[in-house]
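Report on the following structure.
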Amino acid sequence: MIDDLEDERRREPDFSLGEREMLEQWLEFHRTTLLLKCEGLQDAPRKARPIATSKLSLHGLIRHMAEVERNWFSGVLAGDTEFSYIYGDFADAEFSPLDEANWEDDLGTWHAESASSLQVAATHGLDDTGLRHGQPADSRRMPVVPGAGLEPARL
Numbered sequence: 054m055i056d057d058l059e060d061e062r063r064r065e066p067d068f069s070l071g072e073r074e075m076l077e078q079w080l081e082f083h084r085t086t087l088l089l090k091c092e093g094l095q096d097a098p099r100k101a102r103p104i105a106t107s108k109l110s111l112h113g114l115i116r117h118m119a120e121v122e123r124n125w126f127s128g129v130l131a132g133d134t135e136f137s138y139i140y141g142d143f144a145d146a147e148f149s150p151l152d153e154a155n156w157e158d159d160l161g162t163w164h165a166e167s168a169s170s171l172q173v174a175a176t177h178g179l180d181d182t183g184l185r186h187g188q189p190a191d192s193r194r195m196p197v198v199p200g201a202g203l204e205p206a207r208l
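Just so you know, we're using our numbering here: the sequence shown kicks off at 54 and counts up by one.
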């Protein structure tokens with residue numbers, strides 16, 4: 054279980070931290086949690102999809118997080134309109150196929166994107182806005198209007 058995941062690299066942030074420090078530490082906490090769930094596993098268990106109707110696997114989640122880091126930090130926050138998807142530009146490309154996926158390559162890609170995210174974030178304040186679909190976006194203040202195309206799943 055996740056509560057049993059004890060490791061000195063995984064520490065919950067101190068709740069007396071400032072907003073930015075807490076945000077950065079929570080991101081690192083969750084990055085480390087995913088990494089620890091994958092450590093020590095062979096290729097087959099990392100690529101396994103425990104739920105038959107789901108595309109999710111630990112290996113796929115590592116690839117997905119590389120895409121998330123690139124999209125939100127390089128694409129949205131830095132406003133890089135020329136960034137490209139890592140694993141393909143179709144829905145859920147990072148989740149399948151995994152048959153030929155190389156764990157070390159994908160893990161390295163995620164680490165590189167995470168490092169890039171830290172660099173991009175260091176040059177921005179928490180009140181900075183980014184670009185979403187080429188338009189200015191501030192997801193902290195974006196309204197959630199059911200049926201108007203602004204549901205959280207579509208942001």
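Note that the Cβ used here is the ideal one computed from N, Cα and C, for glycine as well. Small disclaimer: the values here were computed from a predicted structure and weren't measured.
Query, Result
"Buried/exposed call for Arg-64, threshold 16 Cβ in 10 Å", "exposed"
"Neighbourhood of Lys-108 by C-beta distance below 7 Å, restricted to the same chain and skipping five residues each side", "Arg-102, Asp-145, Phe-148 and Ser-149"
"Nearest-angstrom Cα separation, counted from Thr-176 out to Arg-207", "Note that Arg-207 scores a pLDDT of 40, beneath 50, so its modelled location is shaky; the value from the coordinates is reported in the next line. Cα-Cα distance, rounded: 27 Å."
"CB contact flag (Trp-156, Ala-119, <8 Å)", "no"
"Given Leu-87 as reference, the closest of Asp-181, Asp-180, Ser-167 and Leu-179 once Cα atoms are compared", "Ser-167"
"Burial state of Val-197 (16 or more Cβ within 10 Å)", "Low confidence applies to Val-197: its pLDDT is 49, below 50, so where it sits in the model is not reliable enough to give any reading."
"Span of the alpha helix (DSSP H) around Arg-84", "72-91"
"Buried versus exposed call for Ala-105 [16 or more other C-beta atoms within 10 Å across all chains shown]", "exposed"
"Ranges of the alpha helix (DSSP H) found wholly within the stretch 103-183, counting only runs of at least 4", "111-122 and 156-175"
"Classification of Ala-174 by the beta-carbon crowding that lies within 10 angstroms, buried from 16 upward", "buried"
"Cβ-based burial, Leu-130 [other Cβ within 10 Å; buried from 16]", "buried"
"Nonlocal neighbours in the same chain, by C-beta distance under 8 Å from Leu-114, ignoring five residues either side", "Leu-87"
"Contacts around Pro-66, its chain only, beta-carbon distance under 7 Å, and the 5 residues preceding and following it disregarded", "Met-75, Gln-78, Trp-79 and Phe-82"
"Check whether Arg-116 and Tyr-140 have beta carbons under 8 Å apart", "yes"
"Straight-line gap, Asp-133 to Asn-124 (C-alpha atoms, nearest Å)", "9 Å"
"CB of Leu-160 within 8 Å of CB of Ser-110, strictly", "no"
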